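What follows is one structure encoded as structure tokens, with my remarks underneath.
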Amino acid sequence: MTKKRILLGVSGSISAYKAADLTNELTKLGYEVDVLMTKSSQSFITPLTLQSLSKRRVHTDVMAEEVPEKINHIELAKRADLFIVAPASANMVGKLANGIADDIVSTVSLALEDHVHRMIAPAMNTYMYLNPAVQRNLAILKADGFTEIAPREALLACGDYGPGALATVDTIIQQITQTFNQ
Numbered sequence: 002m003t004k005k006r007i008l009l010g011v012s013g014s015i016s017a018y019k020a021a022d023l024t025n026e027l028t029k030l031g032y033e034v035d036v037l038m039t040k041s042s043q044s045f046i047t048p049l050t051l052q053s054l055s056k057r058r059v060h061t062d063v064m065a066e067e068v069p070e071k072i073n074h075i076e077l078a079k080r081a082d083l084f085i086v087a088p089a090s091a092n093m094v095g096k097l098a099n100g101i102a103d104d105i106v107s108t109v110s111l112a113l114e115d116h117v118h119r120m121i122a123p124a125m126n127t128y129m130y131l132n133p134a135v136q137r138n139l140a141i142l143k144a145d146g147f148t149e150i151a152p153r154e155a156l157l158a159c160g161d162y163g164p165g166a167l168a169t170v171d172t173i174i175q176q177i178t179q180t181f182n183q
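If you want the working numbering, it's the position in the sequence shown, counting the first as 1, plus 1.
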């Protein structure tokens, strides 16, 4: 049986550090994990950390084309069984919902084939998460076939309490496993 291939998009959120645990656990479970990082996510965690845990090159630049005869973001999308953005900032939710492709994560998302499972795990301030624009964008993503892995209610890094904390790594892995087992 071939390994399931997961594209893990990491966007700019304080929760980006949890992508290390997520990558590590998914890799231990036998998944092939290709990590895609936005520029802002790299302010919170380095590509080298995720490369060390995934044992694969981390993709940070949509314009980086290491193999001239192949377009990297198209090849990544073609190989995917599941695409997940965890954490997904309010900015990334808006980009994905509105088809804005200006980084490796949002560009790959537009190149995914229909059979690829799509998930989003928001992580942001409570008021940002509850903002009507963010909720509208999440509704668009759900209508487009994304499964939302809802954020937890918790004391957030900013000091506010409420929904917005990234779902636990265990919850995310459980959702991924359930999706593949269906």
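In this text, a Cβ means the ideal position worked out from N, Cα and C, and glycines have one as well. On a predicted model such as this, the values are computed, not experimentally measured, just so you know.
Beta-carbon gap between residue i and residue j smaller than 8 angstroms
i, j, result
"HIS74", "ALA112", "yes"
"GLY165", "THR108", "no"
"VAL86", "SER12", "yes"
"PHE84", "LEU8", "yes"
"ALA122", "PRO88", "yes"
Alpha carbon of residue i to alpha carbon of residue j, nearest angstrom
i, j, result
"GLU66", "ILE72", "6 angstroms"
"GLY31", "LYS5", "8 angstroms"
"GLU143", "GLU149", "A small fix is needed here, since residue 143 is Lys in this sequence, not Glu. So the alpha carbons of these two residues sit roughly 7 angstroms apart."
"ARG153", "LYS19", "14 angstroms"
"MET125", "GLU26", "23 angstroms"
"THR50", "ALA21", "7 angstroms"
"GLN179", "PHE147", "15 angstroms"
"ALA151", "GLN52", "27 angstroms"
Helix, strand or coil at residue i according to DSSP, with G and I counted as helix
i, result
"ILE105", "helix"
"THR127", "helix"
"PHE84", "strand"
"ALA168", "coil"
"LYS96", "helix"
"GLU76", "helix"
Beta bridge counterpart(s) of residue i as assigned by DSSP
i, result
"TYR162", "LEU156"
"ASP35", "LEU8"
"PHE147", "ARG119"
"HIS60", "LEU37"
"ALA65", "BP columns for ALA65 are empty, so no partner."
"ALA89", "PRO123"
Closer than 7 angstroms: residue i CB and nearest the ligand MG heavy atom
i, result
"LEU156", "Among the components modelled here there is no ligand, and therefore nothing to report on the ligand MG."
Quiz item: Are the segment 39 to 48 and the segment 90 to 105 touching, with three or more C-beta to C-beta distances below 8 angstroms?
Solution: yes
Quiz item: Counting pairs of Cβ atoms below 8 angstroms between the segment 56 to 66 and the segment 79 to 94, do you hit three or more?
Solution: no
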